[in-house]
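Chemist: Heads up, the sequence shown is in our numbering, so the first residue is 1315 and it goes up one at a time. Glycine included, every Cβ here is placed at the ideal spot set by N, Cα and C. Before we start, here is the structure in question, set down as C-alpha coordinates.
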Amino acid sequence: MSQSSLSVVGPQALLELFGTCDRNIRRLREELGVVVSAHQDKIQIEGDPDAVALATKVIERFRAQAEQFGRLDEDDVERILSETLKGLSEIRTPPIVAFHSREVRARSTGQSEYIEAVRRHDVSLCSGPAGTGKTFLAVALAVSALREEQVRKIVLVRPAVEAGESLGFLPGDLEAKIFPYLRPLFDALNELVGYDQVKRYQEQDIIEVIPLAYMRGRTLNEAFMILDEAQNTSIAQMKMFLTRMGQGSKIVVTGDTTQIDLPTGMRSGLIDAIERLRSIPGVATTKLTGADIVRHHLVQKIVAAYEGRIKKNQKGK
(Lines of atoms letter the chains of each structure in order from A and count residues from 1; the text may use other names and numbers.)
(Lines give C-alpha, C1' and ligand atoms only; values in the text may rest on other atoms or scores of the structure.)
Protein backbone atom coordinates (compact mmCIF):
# COMPACT_ATOMS: atom_id res chain seq x y z
CA MET A 1 0.00 0.00 0.00
CA SER A 2 1.29 3.46 -0.94
CA GLN A 3 0.15 7.04 -0.35
CA SER A 4 0.54 10.36 -2.13
CA SER A 5 -0.84 13.84 -1.57
CA LEU A 6 -1.33 16.95 -3.69
CA SER A 7 -1.97 20.48 -2.54
CA VAL A 8 -5.05 22.31 -3.85
CA VAL A 9 -5.69 26.03 -3.54
CA GLY A 10 -9.31 26.74 -2.67
CA PRO A 11 -12.60 24.81 -2.81
CA GLN A 12 -13.32 25.90 -6.40
CA ALA A 13 -10.12 24.25 -7.65
CA LEU A 14 -11.03 21.10 -5.73
CA LEU A 15 -14.51 21.04 -7.27
CA GLU A 16 -13.00 21.46 -10.74
CA LEU A 17 -10.63 18.52 -10.22
CA PHE A 18 -13.24 16.20 -8.72
CA GLY A 19 -15.97 17.14 -11.23
CA THR A 20 -19.72 17.18 -10.78
CA CYS A 21 -20.71 14.54 -8.20
CA ASP A 22 -17.03 13.46 -8.09
CA ARG A 23 -17.34 12.19 -11.67
CA ASN A 24 -13.66 12.69 -12.58
CA ILE A 25 -12.37 10.95 -9.47
CA ARG A 26 -14.82 8.07 -9.91
CA ARG A 27 -13.33 7.46 -13.38
CA LEU A 28 -9.88 7.43 -11.82
CA ARG A 29 -10.98 4.92 -9.17
CA GLU A 30 -12.53 2.69 -11.86
CA GLU A 31 -9.34 2.64 -13.91
CA LEU A 32 -6.74 2.29 -11.14
CA GLY A 33 -8.52 1.00 -8.04
CA VAL A 34 -7.07 3.80 -5.91
CA VAL A 35 -8.81 5.55 -3.01
CA VAL A 36 -8.94 9.32 -3.53
CA SER A 37 -10.12 11.70 -0.80
CA ALA A 38 -9.91 15.42 -0.01
CA HIS A 39 -8.87 16.89 3.35
CA GLN A 40 -8.95 20.69 3.54
CA ASP A 41 -6.38 21.85 0.99
CA LYS A 42 -4.95 18.39 0.10
CA ILE A 43 -5.94 15.44 -2.08
CA GLN A 44 -4.92 12.05 -0.64
CA ILE A 45 -4.34 9.04 -2.94
CA GLU A 46 -3.92 5.50 -1.58
CA GLY A 47 -3.42 2.15 -3.28
CA ASP A 48 -0.94 0.03 -5.20
CA PRO A 49 2.36 1.97 -5.57
CA ASP A 50 2.30 1.92 -9.38
CA ALA A 51 -1.36 2.91 -9.46
CA VAL A 52 -0.80 5.73 -6.95
CA ALA A 53 2.09 7.10 -9.04
CA LEU A 54 -0.07 7.11 -12.17
CA ALA A 55 -3.10 8.55 -10.35
CA THR A 56 -0.90 11.39 -9.09
CA LYS A 57 0.23 12.12 -12.65
CA VAL A 58 -3.36 12.09 -13.88
CA ILE A 59 -4.55 14.54 -11.20
CA GLU A 60 -1.56 16.80 -11.88
CA ARG A 61 -2.54 16.84 -15.56
CA PHE A 62 -6.17 17.53 -14.59
CA ARG A 63 -4.95 20.52 -12.59
CA ALA A 64 -2.70 21.80 -15.40
CA GLN A 65 -5.56 21.53 -17.89
CA ALA A 66 -7.94 23.45 -15.60
CA GLU A 67 -5.38 26.15 -14.84
CA GLN A 68 -4.26 26.65 -18.44
CA PHE A 69 -7.63 26.56 -20.20
CA GLY A 70 -10.04 27.41 -17.38
CA ARG A 71 -11.96 24.18 -17.82
CA LEU A 72 -11.77 20.39 -17.34
CA ASP A 73 -14.62 18.79 -19.28
CA GLU A 74 -15.46 15.14 -19.87
CA ASP A 75 -13.48 14.95 -23.13
CA ASP A 76 -10.41 16.37 -21.38
CA VAL A 77 -10.72 13.78 -18.61
CA GLU A 78 -11.01 10.86 -21.06
CA ARG A 79 -8.09 12.12 -23.17
CA ILE A 80 -5.81 12.55 -20.16
CA LEU A 81 -6.78 9.15 -18.78
CA SER A 82 -6.18 7.48 -22.15
CA GLU A 83 -2.79 9.12 -22.65
CA THR A 84 -1.54 8.60 -19.10
CA LEU A 85 -2.97 5.25 -18.06
CA LYS A 86 -1.34 3.31 -20.87
CA GLY A 87 1.64 3.32 -18.51
CA LEU A 88 -0.21 1.00 -16.13
CA SER A 89 -0.52 -1.80 -18.66
CA GLU A 90 3.13 -1.29 -19.62
CA ILE A 91 4.15 -1.76 -15.97
CA ARG A 92 2.01 -4.84 -15.37
CA THR A 93 2.06 -6.54 -18.75
CA PRO A 94 5.19 -8.32 -19.97
CA PRO A 95 6.22 -7.37 -23.52
CA ILE A 96 5.25 -9.59 -26.45
CA VAL A 97 8.39 -8.63 -28.32
CA ALA A 98 11.31 -6.63 -26.94
CA PHE A 99 13.65 -4.87 -29.38
CA HIS A 100 16.67 -2.65 -28.76
CA SER A 101 14.54 0.49 -28.65
CA ARG A 102 10.94 -0.79 -28.56
CA GLU A 103 8.73 -3.08 -26.51
CA VAL A 104 5.30 -4.22 -27.69
CA ARG A 105 2.72 -4.77 -24.95
CA ALA A 106 -1.04 -5.02 -24.52
CA ARG A 107 -2.56 -1.60 -23.85
CA SER A 108 -6.09 -2.65 -22.91
CA THR A 109 -7.94 -5.53 -21.25
CA GLY A 110 -9.28 -6.68 -24.61
CA GLN A 111 -5.79 -6.73 -26.12
CA SER A 112 -4.52 -8.80 -23.17
CA GLU A 113 -7.30 -11.33 -23.73
CA TYR A 114 -6.53 -11.41 -27.46
CA ILE A 115 -2.82 -12.06 -26.86
CA GLU A 116 -3.61 -14.81 -24.35
CA ALA A 117 -6.05 -16.42 -26.79
CA VAL A 118 -3.43 -16.50 -29.56
CA ARG A 119 -0.81 -17.96 -27.25
CA ARG A 120 -3.09 -20.69 -25.91
CA HIS A 121 -4.84 -21.77 -29.14
CA ASP A 122 -3.74 -23.01 -32.54
CA VAL A 123 -6.53 -21.09 -34.30
CA SER A 124 -7.67 -17.63 -33.15
CA LEU A 125 -10.40 -15.51 -34.72
CA CYS A 126 -10.49 -11.83 -33.75
CA SER A 127 -12.96 -9.14 -34.78
CA GLY A 128 -12.87 -5.49 -33.81
CA PRO A 129 -12.98 -1.92 -35.14
CA ALA A 130 -10.12 0.04 -36.67
CA GLY A 131 -7.33 1.01 -34.31
CA THR A 132 -7.63 -1.86 -31.83
CA GLY A 133 -4.27 -3.38 -32.79
CA LYS A 134 -5.63 -6.61 -34.28
CA THR A 135 -3.09 -6.83 -37.08
CA PHE A 136 -0.13 -5.24 -35.34
CA LEU A 137 -0.36 -7.51 -32.28
CA ALA A 138 -0.80 -10.61 -34.48
CA VAL A 139 2.35 -9.70 -36.42
CA ALA A 140 4.21 -9.01 -33.16
CA LEU A 141 3.20 -12.43 -31.83
CA ALA A 142 4.34 -14.02 -35.10
CA VAL A 143 7.74 -12.30 -34.89
CA SER A 144 8.04 -13.41 -31.25
CA ALA A 145 7.25 -17.03 -32.19
CA LEU A 146 9.82 -16.90 -35.00
CA ARG A 147 12.54 -15.48 -32.74
CA GLU A 148 11.82 -18.11 -30.10
CA GLU A 149 12.00 -20.84 -32.81
CA GLN A 150 8.43 -21.95 -32.19
CA VAL A 151 7.85 -21.66 -35.96
CA ARG A 152 10.11 -21.58 -39.01
CA LYS A 153 8.06 -19.25 -41.19
CA ILE A 154 5.61 -16.34 -41.07
CA VAL A 155 2.90 -16.09 -43.74
CA LEU A 156 0.86 -12.88 -43.87
CA VAL A 157 -2.21 -12.97 -46.09
CA ARG A 158 -4.88 -10.52 -47.24
CA PRO A 159 -7.79 -10.83 -49.66
CA ALA A 160 -7.49 -8.46 -52.64
CA VAL A 161 -11.06 -7.20 -52.50
CA GLU A 162 -11.83 -4.01 -54.38
CA ALA A 163 -13.39 -1.27 -52.24
CA GLY A 164 -14.87 1.09 -54.81
CA GLU A 165 -11.86 0.92 -57.15
CA SER A 166 -11.03 -1.48 -59.96
CA LEU A 167 -7.68 -3.24 -60.00
CA GLY A 168 -7.76 -3.11 -63.78
CA PHE A 169 -7.47 0.69 -63.78
CA LEU A 170 -4.49 0.79 -61.41
CA PRO A 171 -1.06 1.27 -63.05
CA GLY A 172 1.62 -1.42 -63.23
CA ASP A 173 1.74 -5.20 -63.47
CA LEU A 174 -0.20 -7.61 -61.23
CA GLU A 175 2.36 -7.41 -58.42
CA ALA A 176 2.22 -3.60 -58.42
CA LYS A 177 -1.57 -3.67 -58.42
CA ILE A 178 -1.77 -6.07 -55.47
CA PHE A 179 0.91 -4.34 -53.35
CA PRO A 180 -1.44 -1.63 -51.93
CA TYR A 181 -3.61 -4.37 -50.39
CA LEU A 182 -0.58 -5.87 -48.66
CA ARG A 183 1.01 -2.56 -47.61
CA PRO A 184 -0.47 -2.53 -44.03
CA LEU A 185 1.17 -5.90 -43.35
CA PHE A 186 4.53 -4.63 -44.62
CA ASP A 187 4.12 -1.50 -42.48
CA ALA A 188 3.66 -3.61 -39.34
CA LEU A 189 6.63 -5.84 -40.21
CA ASN A 190 8.92 -2.92 -41.04
CA GLU A 191 8.05 -1.20 -37.77
CA LEU A 192 8.73 -4.34 -35.73
CA VAL A 193 11.70 -5.87 -37.53
CA GLY A 194 13.11 -3.16 -39.78
CA TYR A 195 12.99 -2.81 -43.56
CA ASP A 196 16.37 -4.46 -44.26
CA GLN A 197 15.66 -7.46 -42.04
CA VAL A 198 12.22 -7.94 -43.62
CA LYS A 199 13.87 -7.99 -47.08
CA ARG A 200 16.40 -10.59 -45.90
CA TYR A 201 13.64 -12.74 -44.39
CA GLN A 202 11.71 -12.54 -47.66
CA GLU A 203 14.75 -13.54 -49.69
CA GLN A 204 15.27 -16.53 -47.35
CA ASP A 205 11.56 -17.47 -47.62
CA ILE A 206 11.16 -17.00 -43.86
CA ILE A 207 8.49 -14.32 -44.36
CA GLU A 208 5.83 -14.32 -47.07
CA VAL A 209 3.33 -11.52 -47.61
CA ILE A 210 0.84 -12.68 -50.24
CA PRO A 211 -2.74 -12.31 -51.49
CA LEU A 212 -5.21 -14.93 -50.28
CA ALA A 213 -5.62 -16.47 -53.74
CA TYR A 214 -1.95 -17.56 -53.65
CA MET A 215 -2.67 -19.88 -50.69
CA ARG A 216 -4.73 -22.37 -52.67
CA GLY A 217 -3.26 -25.88 -52.82
CA ARG A 218 -0.58 -25.32 -50.16
CA THR A 219 0.03 -27.00 -46.80
CA LEU A 220 2.21 -25.07 -44.35
CA ASN A 221 4.02 -26.81 -41.51
CA GLU A 222 5.62 -24.95 -38.56
CA ALA A 223 4.26 -21.65 -39.83
CA PHE A 224 2.57 -18.68 -38.16
CA MET A 225 -0.22 -17.76 -40.58
CA ILE A 226 -2.14 -14.48 -40.34
CA LEU A 227 -5.20 -13.68 -42.43
CA ASP A 228 -5.93 -9.96 -42.19
CA GLU A 229 -9.10 -8.12 -43.36
CA ALA A 230 -10.86 -11.48 -43.15
CA GLN A 231 -14.30 -9.85 -43.21
CA ASN A 232 -13.74 -9.60 -46.97
CA THR A 233 -13.40 -13.34 -47.52
CA SER A 234 -16.18 -15.59 -48.73
CA ILE A 235 -17.07 -18.71 -46.76
CA ALA A 236 -15.25 -20.85 -49.35
CA GLN A 237 -12.11 -18.69 -49.13
CA MET A 238 -12.12 -18.87 -45.35
CA LYS A 239 -12.41 -22.65 -45.45
CA MET A 240 -9.57 -22.79 -47.99
CA PHE A 241 -7.28 -20.69 -45.80
CA LEU A 242 -7.99 -22.53 -42.54
CA THR A 243 -7.35 -25.91 -44.16
CA ARG A 244 -3.83 -24.85 -45.28
CA MET A 245 -2.69 -25.45 -41.71
CA GLY A 246 -0.04 -28.15 -41.29
CA GLN A 247 1.76 -29.71 -38.31
CA GLY A 248 3.19 -27.29 -35.76
CA SER A 249 1.42 -24.28 -37.30
CA LYS A 250 -0.67 -21.53 -35.79
CA ILE A 251 -3.39 -19.41 -37.44
CA VAL A 252 -4.65 -15.94 -36.51
CA VAL A 253 -7.59 -14.47 -38.43
CA THR A 254 -8.46 -10.78 -37.96
CA GLY A 255 -11.07 -8.44 -39.37
CA ASP A 256 -13.62 -5.70 -38.82
CA THR A 257 -17.16 -6.94 -39.42
CA THR A 258 -18.45 -3.35 -39.76
CA GLN A 259 -16.32 -2.76 -42.88
CA ILE A 260 -17.31 -5.48 -45.34
CA ASP A 261 -16.59 -4.77 -49.02
CA LEU A 262 -18.06 -8.00 -50.42
CA PRO A 263 -20.82 -7.88 -53.05
CA THR A 264 -24.29 -7.32 -51.62
CA GLY A 265 -25.82 -10.57 -50.40
CA MET A 266 -22.51 -12.44 -49.97
CA ARG A 267 -21.95 -13.66 -46.41
CA SER A 268 -18.62 -12.78 -44.79
CA GLY A 269 -16.33 -15.74 -44.17
CA LEU A 270 -15.20 -14.18 -40.88
CA ILE A 271 -18.71 -13.84 -39.48
CA ASP A 272 -19.50 -17.39 -40.59
CA ALA A 273 -16.28 -18.81 -39.09
CA ILE A 274 -16.83 -17.11 -35.72
CA GLU A 275 -20.31 -18.65 -35.50
CA ARG A 276 -19.38 -22.01 -36.98
CA LEU A 277 -16.12 -22.69 -35.12
CA ARG A 278 -16.60 -21.06 -31.71
CA SER A 279 -17.41 -24.35 -29.94
CA ILE A 280 -14.47 -26.33 -31.37
CA PRO A 281 -11.70 -27.02 -28.81
CA GLY A 282 -8.46 -25.35 -29.86
CA VAL A 283 -10.25 -22.46 -31.59
CA ALA A 284 -10.50 -19.11 -29.78
CA THR A 285 -12.74 -16.16 -30.67
CA THR A 286 -12.02 -12.65 -29.38
CA LYS A 287 -14.09 -9.50 -29.89
CA LEU A 288 -12.32 -6.18 -29.43
CA THR A 289 -14.37 -3.01 -28.94
CA GLY A 290 -14.02 0.76 -29.06
CA ALA A 291 -12.53 0.61 -25.56
CA ASP A 292 -9.49 -1.19 -27.07
CA ILE A 293 -8.71 1.48 -29.67
CA VAL A 294 -5.14 2.66 -29.16
CA ARG A 295 -4.73 5.16 -31.99
CA HIS A 296 -5.40 8.91 -31.60
CA HIS A 297 -8.05 9.49 -28.92
CA LEU A 298 -10.45 10.87 -31.57
CA VAL A 299 -10.55 7.47 -33.34
CA GLN A 300 -12.71 6.08 -30.52
CA LYS A 301 -15.21 8.89 -31.02
CA ILE A 302 -15.20 8.50 -34.80
CA VAL A 303 -15.84 4.74 -34.56
CA ALA A 304 -18.61 5.31 -32.01
CA ALA A 305 -20.23 7.94 -34.25
CA TYR A 306 -20.31 5.59 -37.24
CA GLU A 307 -21.57 2.66 -35.16
CA GLY A 308 -24.33 4.90 -33.81
CA ARG A 309 -25.33 5.88 -37.31
CA ILE A 310 -25.35 2.26 -38.45
CA LYS A 311 -27.60 1.25 -35.53
CA LYS A 312 -30.01 4.14 -36.29
CA ASN A 313 -30.21 3.11 -39.94
CA GLN A 314 -30.84 -0.51 -39.00
CA LYS A 315 -33.69 0.52 -36.68
CA GLY A 316 -35.26 2.52 -39.47
CA LYS A 317 -35.36 -0.48 -41.81
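1. Spatial neighbours of Ser1563 within its chain, please: C-beta separation below 8 Å, excluding the five flanking residues on both sides.
2. How would you label Gln1545, buried or exposed, when you count the other beta carbons within 10 angstroms and need 16 or more for buried?
3. Between Leu1460 and Leu1395, what straight-line distance do the alpha-carbon atoms span, to the nearest angstrom?
4. Thinking C-beta only, is Thr1568 closer than 8 Å to Thr1449?
5. Would you mind working out which of Leu1386, Ser1351, Val1366 sits nearest Thr1334, comparing C-alpha positions?
6. Span of the alpha helix (DSSP H) holding Gly1424?
7. Got a sec, what are the start and stop residues for the alpha helix (DSSP H) Ala1378 sits in?
8. Can you tell me whether DSSP reads Gly1583 as helix, strand or coil?
9. Is the beta carbon of Ile1359 sitting closer than 8 Å to the one on Gln1317?
10. Which residues mark the beginning and the end of the alpha helix (DSSP H) in which Met1552 is found?
11. Figure out for me which residue from Arg1419, Arg1514, Thr1446, Ile1521 has the closest Cα to the Cα of Val1471.
12. From the DSSP output, which residues share a beta bridge with Phe1538?
13. Within 10 Å of its beta-carbon, does Ser1321 have 16 or more other beta-carbons around it, so buried, or fewer, so exposed?
14. Which runs of the alpha helix (DSSP H), 4 residues or longer, sit entirely within the region 1325-1368?
15. Are Gly1447 and Gln1425 touching if we call contact CB-CB under 8 Å?
16. Looking only at its chain, what residues have a beta carbon closer than 6 Å to the beta carbon of Asp1606, apart from the 5 residues adjacent to it on each side?
17. Note down, in chain order, each residue of its chain lying with its Cβ closer than 7 Å to the Cβ of Gln1551, except the 5 sequence neighbours on either side.
18. Can you give the beta carbon distance from Gln1379 to Asp1389, rounded, assuming they're within the 8 Å contact cut?
19. Run through the DSSP bridge pairs and tell me what Leu1439 is partnered with.
20. Enumerate in chain order the residues of its own chain whose CB-to-CB distance from Arg1375 is below 6 Å, with the five nearest sequence positions on each side excluded.
21. Can you have a look at Glu1330 and say buried or exposed, based on whether 16 or more other CB atoms are within 10 angstroms of its CB?
Modeler: In short:
1. Locating residue 1563 in the sequence shown gives position 249, counting from the first residue. Correct list, in chain order: Asp1436, Val1465, Leu1534, Asn1535, Glu1536, Ala1537, Phe1538, Met1539.
2. Here residue 1545 refers to the residue found at position 231 of the sequence shown. So Gln1545 ends up on the buried side.
3. Taking the first residue of the sequence shown as position 1, residue 1460 is located at position 146. Taking the first residue of the sequence shown as position 1, residue 1395 is located at position 81. One alpha carbon belongs to Leu1460, the other to Leu1395, and they sit about 35 Å apart.
4. The residue given as residue 1449 occupies position 135 in the sequence shown. The residue given as residue 1568 occupies position 254 in the sequence shown. Yes, they are a contact pair.
5. On the sequence shown, position 20 is the one that residue 1334 refers to. Here the closest residue by C-alpha is Leu1386.
6. In the sequence shown, the residue the question calls residue 1424 occupies position 110. For Gly1424, the uninterrupted alpha helix (DSSP H) segment begins and ends at 1423-1434.
7. Walking along the sequence shown from the start, residue 1378 turns up at place 64. Counting along the chain, Ala1378 sits inside the alpha helix (DSSP H) bounded by residues 1363-1383.
8. Counted from its first residue, the sequence shown places residue 1583 at position 269. Note: Gly1583 maps to helix in three-state DSSP.
9. The residue labelled residue 1359 in the question sits at position 45 within the sequence shown. The residue labelled residue 1317 in the question sits at position 3 within the sequence shown. Yes, the pair counts as a contact, with Cβ atoms nearer than the cut-off.
10. Here residue 1552 corresponds to residue number 238 of the sequence shown, with the count starting at 1. Start and end: 1549-1556.
11. The residue labelled residue 1471 in the question sits at position 157 within the sequence shown. Relative to Val1471, the option among Arg1419, Arg1514, Thr1446, Ile1521 whose CA is nearest is Ile1521.
12. As a first step, residue 1538 is located in the sequence shown; it is residue number 224 there, counting from the start. According to DSSP, which records beta bridges pairwise, Phe1538 is partnered with Ile1468, Lys1564.
13. Looking up residue 1321 in the sequence shown gives position 7. Exposed is the call here.
14. Scanning the region 1325-1368 from its first residue to its last, the whole alpha helix (DSSP H) runs of 4-plus residues come out as 1325-1332, 1337-1346.
15. On the sequence shown, residue 1447 is found 133 positions in, with the first residue counted as 1. On the sequence shown, residue 1425 is found 111 positions in, with the first residue counted as 1. In this structure, Gly1447 places its C-beta atom within 8 Å of the C-beta atom of Gln1425.
16. If you number the sequence shown from 1, residue 1606 lands on position 292. Once the five neighbours on either side are set aside, the close Cβ partners of Asp1606 are Ser1422, Gly1424, Gln1425, Thr1446.
17. Your numbering for residue 1551 matches position 237 in the sequence shown. The residues Pro1473, Leu1526, Gly1583, in chain order, have a CB closer than 7 Å to that of Gln1551 in the same chain once the five nearest residues on each side in sequence are set aside.
18. Indexing the sequence shown from 1 puts residue 1379 at position 65. Indexing the sequence shown from 1 puts residue 1389 at position 75. Rounded to the nearest angstrom, the Cβ distance from Gln1379 to Asp1389 is 11 Å, too far for a contact under 8 Å.
19. Here residue 1439 is taken as the residue at index 125 of the sequence shown, counted from 1. Its beta-bridge partners are Val1567, Thr1599.
20. Position 61 of the sequence shown holds residue 1375. The beta carbon of Arg1375 sits closer than 6 Å to those of Ile1394, all from its chain and outside the five residues before and after it, given in chain order.
21. Counting from one through the sequence shown, the residue named residue 1330 turns up at place 16. With 16 or more neighbouring CB atoms inside 10 Å of its own CB, Glu1330 falls in the buried class.
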